[in-house]
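Participant:
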Amino acid sequence: MFILESLSIHATKEEDTIKVGEALGRSLKPGDVVALKGELGAGKTVLVKGIANGLDVNGEPNSPTFVIMNAYEGRIPLYHFDFYRVSGVSELEGIGYEDYFYGAGVTVVEWADRVEEVFPESAIWIEINIPVKKNTNSNVREINIEGEEKWLSLFRSMVERVLPT
Ligand SMILES: Nc1ncnc2c1ncn2[C@@H]1O[C@H](COP(=O)(O)OP(=O)(O)O)[C@@H](O)[C@H]1O
Ligand SMILES: [Mg+2]
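Take 986 as the starting number for the sequence shown in our numbering and just add one per residue.
Here it is in structure tokens:
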């Protein structure tokens, strides 16, 4: 059984979201799965760039427009999925998603809520919101993280060091 806890982080600029991603990347282990939710432009890909830094990946992830997944080598491999155009589970089974989700790398999925049923119970769920919608140039983001309590307390201490509240 997993005891879930949540943590809400206030990011006031893109660099904050990168720092949150870097702390994530340093706290993750092989086999971890991170499910990202949030509207277009919320900052999911920005967060993935931070995660890549934290995993010591060479190269910078971008939105995988024409492919479902990009793999990157790092201290731990990074499998970056985007479910935006995925129609359902059968399409994911066709590309053998389980080899990645239950493999030796860290899996991070944008638009995870499009195919929620493929995620293991242990997945870390992260939702990014733009609280000030009226101002389209707002740089404020609310990052809500839900994960297993032991991991989350480790992650909290790592993020507090780089992003004092
Ligand atoms: N605090 C912030 N965190 C993340 N992105 C931000 C922030 N403030 C402004 N932005 C901008 O929002 C956009 C996020 O884009 P992106 O990460 O591609 O979104 P998504 O992948 O969720 O569609 C970028 O243009 C980025 O510069
Ligand atoms: Mg994106």
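Beta carbons are placed, not taken as given, at the ideal position from N, Cα and C, and that holds for glycine.
All of these numbers come straight from a predicted model, not from anything done at the bench.
1) Taking 8 Å as the cut-off, is the CB of residue 1026 close to at least one heavy atom of ligand 1?
2) Under 8 Å Cβ to Cβ from residue 1058, same chain only, skipping five residues before and after it: list those, please.
3) Is the closest heavy atom of ligand 2 to the C-beta of residue 1022 under 8 Å?
4) I'd like the span of the alpha helix (DSSP H) that includes residue 986, first residue to last.
5) Should residue 1190 be counted as a contact of ligand 2 given a C-beta to heavy atom distance under 8 Å?
6) Less than 8 Å separating the Cβ of residue 1009 from some heavy atom of ligand 1?
7) Identify, in the order they occur along the chain, each residue of the same chain with its Cβ nearer than 8 Å to the Cβ of residue 1106, setting aside the five sequence neighbours on each side.
Facilitator: Quick answer:
1) At least one heavy atom of ligand 1 is found less than 8 Å from the C-beta of residue 1026.
2) 1042, 1043
3) Result no, Cβ not under 8 Å from ligand 2.
4) Looking at the DSSP string, residue 986 is not in any alpha helix (DSSP H), and its letter there is neither H nor E.
5) Coverage of the chain is limited to positions 986 through 1150, which leaves residue 1190 absent and any answer about it impossible.
6) no
7) 987
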